[in-house]
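Following: one structure in structure tokens, then a few remarks.
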Amino acid sequence: MLPALLPAIVLAAATSGSPAAVEVNVTDLAGIRAAVAAPGATAVLVTIWATWCDACRDEMPALLRFFHAHQPKGLRLILVSADDEDQRDQVALFLRAAGAQGAQAFIKQGDNETFVNAFDPSWTGAIPASFLYDSAGVKQRAWSGAVTPKELEAALRKVKKPTKGKP
Amino acid sequence: MIVPTNIVLSVALSALATGAPAPGPAAATKMKSALDGKSVSIADVQGKAGTLVVFTCNHCPFARGWERRIADLANTYSKKGIGVILINANDPARYPEDDYPGMQARAKQLGLLVPYVVDETSGVAKAFGASVTPEAFLFDRNGKLAYHGMIDDNHKDAAAAKSHYLKDALDAVLEGHPAPVAETKGIGCGIKFR
Chain R
1 MLPALLPAIV
11 LAAATSGSPA
21 AVEVNVTDLA
31 GIRAAVAAPG
41 ATAVLVTIWA
51 TWCDACRDEM
61 PALLRFFHAH
71 QPKGLRLILV
81 SADDEDQRDQ
91 VALFLRAAGA
101 QGAQAFIKQG
111 DNETFVNAFD
121 PSWTGAIPAS
131 FLYDSAGVKQ
141 RAWSGAVTPK
151 ELEAALRKVK
161 KPTKGKP
Chain X
168 MIVPTNIVLS
178 VALSALATGA
188 PAPGPAAATK
198 MKSALDGKSV
208 SIADVQGKAG
218 TLVVFTCNHC
228 PFARGWERRI
238 ADLANTYSKK
248 GIGVILINAN
258 DPARYPEDDY
268 PGMQARAKQL
278 GLLVPYVVDE
288 TSGVAKAFGA
298 SVTPEAFLFD
308 RNGKLAYHGM
318 IDDNHKDAAA
328 AKSHYLKDAL
338 DAVLEGHPAP
348 VAETKGIGCG
358 IKFR
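Listed in order, the protein sequences are those of chains R and X. Read left to right, the first sequence gives residues 1 to 167 (my numbering). Read left to right, the second sequence gives residues 168 to 361 (my numbering).
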């Protein structure tokens, strides 16, 4: 189920320079949790989205600008797509065109109901949805619907910095 | 491991709890129906056996996937004493497909026999704590929320659905029994509130 806009975006990207490829892996919840909890980040932002979701596609440019501005300070961005598992190429094409280099990209594995219930009890299943974690993988903030860079900035400032000597 | 903590903040609205009644002001809100242009409220359609409110829309792939089943359940159970109303709370400025003419066309195409109405301020959806499309709220004959959530467990393929949550809940409510499953969650398009 590709949005009509997608081929145009991909074409534009293909003809105007070559944004870096983004590797997309089909991963279960445990894999996504492991990526969130992996050491080395000062904060981790997880956004759940899909190529078929208008609001998600609209949110992506500002989200990526925010990420790239904070990536040097240790922010990790994990993009979890709710697209079908066989849509890997389309998801990768979209993310490449959107300039999502540096982000970790997954397609969630398994059925939606199980994933929504297990990922976060506070999440209604509406996408886009974003979750901000501190360096220890502890959730600090969640947003249902598109989140603005201003909201992200404010939330990120409140995230506790990792203790020195510990990842 | 992700550990939920007490500092979790969420902007997600909390939906009505099982057993709760429909919020009064929202249930009384008159909304224009795409079937005939008449204004109708949830209270107006209330059925003797129960009342089904479904927040849905035209544009969302999940709503599209389930729309035939929503229409069939709505048309079937409205004849059995369940009052049914379908509500579109999306902002058509954001999703042009969700405008009134679009709703009229969809209602006709689906052969809807129940109102498909415009929640002009999204106030009804907010009062219910609805957040995705489609999202069903089924009240029993006493007006208590008996089921809240998805239509079934497969939006793409009706034949492949294994758990028919809403249909099973409707059958239970008709018999005056609790729904076998009272609440479900699935991925859906976030409602673009006005």
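Cβ coordinates follow ideal geometry from the N, Cα and C atoms, glycine included.
Tell me whether the beta-carbon of residue 208 of chain X lies closer than 8 Å to the beta-carbon of residue 196 of chain X.
yes
Residue closest to residue 146 of chain R, alpha-carbon to alpha-carbon, out of R/21, R/25, R/49 and R/24
R/49
Have a look at X/188, X/198, X/274 and X/223 and flag the residue whose alpha-carbon is nearest the alpha-carbon of residue 357 of chain X.
X/223
Assign residue 366 of chain X to buried or exposed, taking buried as 16 or more other Cβ atoms, counted over all protein chains shown, within 10 Å of its Cβ.
It is not possible to answer for residue 366 of chain X, since the shown part of chain X is limited to 168 through 361.
May I ask whether a heavy atom of the ligand PLP can be found less than 7 Å away from the beta carbon of residue 259 of chain X?
Looking at this structure, you won't find the ligand PLP or any other ligand, since it has none at all.
First and last residue of the alpha helix (DSSP H) that includes residue 242 of chain X?
228-245
Across which residues does DSSP place residue 49 of chain R in a beta bridge pair?
R/81
Which residues of the region 296-316 of chain X have a Cβ closer than 7 Å to any Cβ of chain R? Give them in chain order.
298 and 299
DSSP three-state call for residue 353 of chain X: helix, strand or coil?
Residue 353 of chain X: coil per DSSP, three-state reduction.
Between residue 169 of chain X and chain R, is the shortest Cβ-Cβ distance under 8 Å, so that the two count as touching?
With a pLDDT of only 43 at residue 169 of chain X, under 50, the local geometry of the prediction cannot be trusted, and the value read off the model is given with reservation. Judged by the 8 Å Cβ criterion, residue 169 of chain X is in contact with chain R.
Distance, Cα to Cα, residue 110 of chain R vs residue 288 of chain X?
In this structure, the CA atom of residue 110 of chain R is about 36 Å from the CA atom of residue 288 of chain X.
Is there at least one Cβ from chain X nearer than 8 Å to residue 12 of chain R's Cβ?
Here residue 12 of chain R scores only 45 on pLDDT, less than 50, and its place in the model should not be relied on; the value that follows carries that caveat. False, the Cβ-Cβ gap to chain X never drops below 8 Å.
Residues that residue 143 of chain R bridges to, as DSSP identifies them:
Beta-bridge pairing links residue 143 of chain R to R/130.
Out of curiosity, what's the CA-to-CA distance linking residue 267 of chain X and residue 206 of chain X?
13 Å
Check each candidate in R/76, R/26 and R/71 and name the one with the smallest Cα separation from residue 89 of chain R.
R/26
Listed from N- to C-terminal order along the chain, which residues in the region 222-237 of chain X have their beta-carbon within a distance smaller than 8 Å of any beta-carbon of chain R?
So the close ones are 226 and 228.
Roughly how many angstroms lie between the CA atoms of residue 70 of chain R and residue 116 of chain R, to the nearest whole one?
28 Å
Own chain partners of residue 121 of chain X with C-beta closer than 6 Å, once the 5 adjacent residues on each side are dropped
The structure shown does not extend to residue 121 of chain X, since chain X is modelled only from 168 through 361, so no value can be given for it.
Measuring only between beta-carbons, confirm whether residue 318 of chain X sits less than 8 Å from chain R.
Answer no: the Cβ-Cβ gap between residue 318 of chain X and chain R never drops below 8 Å.
When you compare only the Cα positions, how much space is there between residue 59 of chain R and residue 230 of chain X?
21 Å
Which same chain residues end up closer than 8 Å to residue 139 of chain R when comparing Cβ atoms and leaving out the 5 residues on each side of it in sequence?
120, 131, 132 and 133
What residues of chain R sit near residue 355 of chain X, judged by a beta carbon separation below 7 Å?
125 and 126
Hey, out of X/274, X/198 and X/213, whose CA is closest to residue 244 of chain X's CA?
X/213
Under the three-state DSSP convention, the category residue 318 of chain X falls into:
The DSSP-derived three-state label of residue 318 of chain X is coil.
Can you check whether the C-beta of residue 85 of chain R is within less than 8 Å of a C-beta belonging to chain X?
no
In chain R, what lies closer than 8 Å to residue 351 of chain X by C-beta?
Listed along chain R, the residues sitting closer than 8 Å to residue 351 of chain X by beta-carbon distance are 113.
For residue 302 of chain X, does the three-state DSSP call read helix, strand or coil?
strand
Mind checking whether residue 22 of chain R and residue 95 of chain R have CB atoms under 8 Å apart?
yes
Could you say which of X/290, X/203 and X/236 lies nearest to residue 328 of chain X if we only look at CA atoms?
Of the residues X/290, X/203 and X/236, the one whose Cα lies closest to the Cα of residue 328 of chain X is X/236.
Determine the closest residue to residue 81 of chain R out of R/157, R/102, R/40 and R/129, with distance taken between C-alpha atoms.
R/129
Can you give, in chain order, each stretch of the beta strand (DSSP E) that sits fully within the region 256-306 of chain X and has at least 3 residues?
283-285 and 302-306
Does DSSP put residue 115 of chain R in a helix, a strand or coil?
helix
Backbone CA spacing between residue 123 of chain R and residue 262 of chain X [nearest angstrom]:
23 Å
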